[in-house]
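These notes concern the structure reproduced below.
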Amino acid sequence: MSDTDGVDPGETERPADDTDGTVDQETAMDAVRDALRRARISAREKGFRPGAPARRRPRKAGDLGTGRARPDARDPAMIGDQLDRLLVDRGWQVDVAAGSVMGRWDEIVGEAVAAHAQPVSFTDGELTVRADSTAWTTQLRLLSSTLLGNFEKAVGPDVVESLRIVGPNAPSWKKGPRTVRDGRGPRDTYG
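Basically my numbering = 1-based index in the sequence shown + 188.
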């Protein structure tokens, strides 16, 4: 057996002490150099590059780097953006657009039409408009495609899908809560 069996090859012998108990300066420096050499070899085996400057990682798009704030849900936001998000989340876009049609009626259809017709209701994409005379009822029915185009420009597509034009209310000859069915009806009311 050799006398190095059972001894770690990385270990070195302790330097000999001088007669006065101090370590020889040259032997100590050799031990330091040897330890540094072993550390470098070990680092190379692990894939490190001792003595080389640290590699810089390429930044990703949108990476702000260290020490900079990232966008957060708690950040202040514009009120218009928040209202738009609320409308989308709740599914209120069509209702708000329909309210816009009712509120901006004069601007969308023009003053001449607005003077003789008013929006009455909006249900499932159908806008009901009441004209003040039978002549204007006919006129609005002829203008319905133009009006639908105006609505599409003003509030967006697929909000007002169809128009229902109704004439003025016909006069009622009923007096009171009770009526006779299949009766003769009013007689000479204009005489």
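Glycine included, each C-beta is placed from N, C-alpha and C at the ideal position. Only a predicted model underlies this, so the values are computations on that prediction, with no experimental measurement involved.
At what residues does the alpha helix (DSSP H) containing residue i begin and finish?
{"i": "glutamate 233", "result": "213–233"}
{"i": "valine 276", "result": "267–278"}
{"i": "valine 282", "result": "281–291"}
{"i": "lysine 362", "result": "First-last for lysine 362: undefined, no H or E at that position."}
{"i": "alanine 240", "result": "Taken as a continuous stretch (DSSP letters only), alanine 240 belongs to no alpha helix (DSSP H), as it is neither H nor E."}
Determine the direct distance from the alpha carbon of residue j to that of residue i, and round the result to whole angstroms.
{"i": "asparagine 357", "j": "aspartate 260", "result": "57 Å"}
{"i": "serine 360", "j": "arginine 369", "result": "14 Å"}
{"i": "alanine 303", "j": "proline 264", "result": "45 Å"}
{"i": "methionine 217", "j": "alanine 231", "result": "21 Å"}
{"i": "isoleucine 296", "j": "proline 365", "result": "41 Å"}
{"i": "glycine 235", "j": "glutamine 213", "result": "34 Å"}
{"i": "glycine 337", "j": "aspartate 269", "result": "28 Å"}
{"i": "glycine 291", "j": "arginine 262", "result": "35 Å"}
Got a sec, what are the start and stop residues for the beta strand (DSSP E) residue i sits in?
{"i": "phenylalanine 310", "result": "305–311"}
{"i": "serine 350", "result": "350–354"}
{"i": "alanine 319", "result": "314–319"}
Closest by CA to residue i, which one among the options?
{"i": "aspartate 353", "options": "Arg244, Gly291, Gly344, Leu328", "result": "Per the sequence shown, residue 353 should be read as isoleucine rather than aspartate. Of the listed residues, the one whose Cα sits closest to isoleucine 353 is Leu328."}
{"i": "alanine 342", "options": "Arg366, Ala285, Glu349, Pro365", "result": "Ala285"}
{"i": "phenylalanine 339", "options": "Glu314, Trp324, Arg318, Lys362", "result": "Glu314"}
{"i": "valine 301", "options": "Ser309, Asp312, Glu214, Arg318", "result": "Arg318"}
Please return the same chain residues whose Cβ sits closer than 8 Å to the Cβ of residue i, not counting the five positions on each side in sequence.
{"i": "threonine 321", "result": "According to the sequence displayed, residue 321 carries serine and not threonine. Cβ within range, chain order: His304, Gly355, Pro356."}
{"i": "serine 332", "result": "Leu351, Ile353"}
Ignore the nearest five residues each way along the sequence and tell me which others in residue i's own chain have a CB closer than 7 Å to its CB.
{"i": "valine 282", "result": "Val347"}
{"i": "leucine 275", "result": "Gln281, Val284"}
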